[in-house]
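J.:
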């Protein structure tokens, strides 16, 4: 398969470890456009919540931190701003995804996760698969960094190679977002992947990951673009039954 963006070594790294950081996908001007628009979206459209619920919070925060923890989130940013409508079809970005899952690439969703200063909520160790289940592995999450992400403000952390385990049973419930047991899957055992504004971190939706709280005085704003092979059929979760946007290649009629 001819590669569009990535080298053979980068593809091999992703296949072995389950994630890949690609630097400078977006130019400083593009990042500035995204940042300004994101500030507007956060004021006009996003929701502020305490973050994901569940017993895992006791393992990640003190009671006082739990009371203060905040997450700003929204879905489908490309429907609200030209900045993100352009970003989801960025040639270098979609070329990298095509190198990882094949020539036909469909945008499934976008989601903002913005950790507020002075106690932006952490995320427990989990796979993304339970949130939008599909039949196969050909699904890549691309995390677009609007701000620099560090260990101090809660950058992504991965259990290397964990995508090879396949879909895992998660703790679920009416008062709990899907997550893995905190005594078996610890953030301390995960590899931190700091990234700069304009970078994109790609990972399989089967790769176990999480992140620590943001304890700095600056925002940590990331936007997730979820891409799939259009032949990878969704079976449950976010976006079920909704058509995506083809950003590379073609979507074929399975019934034809």
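Residue numbers (the working numbering): 358 to 613. For each residue, glycine too, the CB sits at the ideal point set by N, CA and C.
Thinking C-alpha only, which one of 531, 436, 524, 444 is nearest residue 500?
T.: Checking every option, the nearest Cα to that of residue 500 belongs to 444.
J.: Which runs of the beta strand (DSSP E) fall wholly inside the segment 477 to 519 and span at least 3 residues, in chain order?
T.: Here the runs fully enclosed are 480 to 483, 496 to 502, 513 to 515.
J.: Do you know offhand how far residue 370's Cα is from residue 598's?
T.: In a straight line, the C-alpha of residue 370 is about 33 Å away from that of residue 598.
J.: Just mark residue 506 as buried or exposed, buried being the case when its beta carbon has 16 or more other beta carbons within 10 Å.
T.: Buried: at least 16 other Cβ atoms inside 10 Å.
J.: Counting C-beta neighbours from all protein chains within 10 Å, is the total for residue 568 16 or more, i.e. buried, or is it exposed?
T.: Result: buried.
J.: May I ask you to list the residues that DSSP assigns as paired with residue 557?
T.: In DSSP, residue 557 forms a bridge with 379, 501.
J.: Over the uninterrupted alpha helix (DSSP H) stretch that includes residue 455, give me the two end residues.
T.: Counting along the chain, the alpha helix (DSSP H) containing residue 455 begins and ends at 448 to 458.
J.: Over the uninterrupted alpha helix (DSSP H) stretch that includes residue 397, give me the two end residues.
T.: Residue 397 -> alpha helix (DSSP H) spans 385 to 401.
J.: Alpha carbon to alpha carbon, how far is residue 576 from residue 412?
T.: Looking at the two C-alpha atoms, the distance is approximately 25 Å.
J.: Measuring straight from C-alpha to C-alpha, what distance separates residue 517 and residue 399?
T.: Between residue 517 and residue 399, the C-alpha separation is close to 32 Å.
J.: Closest by CA to residue 488, which one among 468, 475, 389?
T.: Cα-wise, what sits closest to residue 488 is 468.
J.: Between the Cα of residue 612 and the Cα atoms of 593, 588, 541, which residue gives the shortest distance?
T.: Checking every option, the nearest Cα to that of residue 612 belongs to 588.
J.: What residue does the alpha helix (DSSP H) around residue 471 start on, and which one ends it?
T.: Segment 462 to 472 is the beta strand (DSSP E) holding residue 471; no alpha helix (DSSP H) there.
J.: Going along the chain, which residues of its own chain have a beta-carbon closer than 7 Å to the beta-carbon of residue 492, five neighbours each way excluded?
T.: If we look at residue 492 and ignore the five residues flanking it on each side, its Cβ neighbours are 589, 590, 592.
J.: Going by the CB atoms, is the gap between residue 520 and residue 527 shorter than 9 Å?
T.: No, the Cβ-Cβ distance between residue 527 and residue 520 is not below 9 Å.
J.: Look up residue 425 in the DSSP assignment and give the residues it is bridged to.
T.: According to DSSP, residue 425 bridges with nothing at all.
J.: Can you find at least 3 beta carbon pairs, one from the segment 372 to 389 and one from the segment 447 to 455, that sit closer than 8 Å?
T.: The segment 372 to 389 vs the segment 447 to 455: in contact.
J.: I need the boundaries of the beta strand (DSSP E) containing residue 542, first residue and last residue.
T.: Taken as a continuous stretch (DSSP letters only), residue 542 belongs to no beta strand (DSSP E), as it is neither H nor E.
J.: Mark residue 436 as exposed unless 16 or more other C-beta atoms lie within 10 angstroms of its C-beta, in which case mark it buried.
T.: Burial call: exposed.
J.: Between the Cα of residue 391 and those of 573, 439, 605, spot the shortest distance and give me the residue it belongs to.
T.: For residue 391, the nearest C-alpha among the options comes from 439.
J.: Counting C-beta neighbours from all protein chains within 10 Å, is the total for residue 510 16 or more, i.e. buried, or is it exposed?
T.: Under this definition residue 510 is a buried residue.
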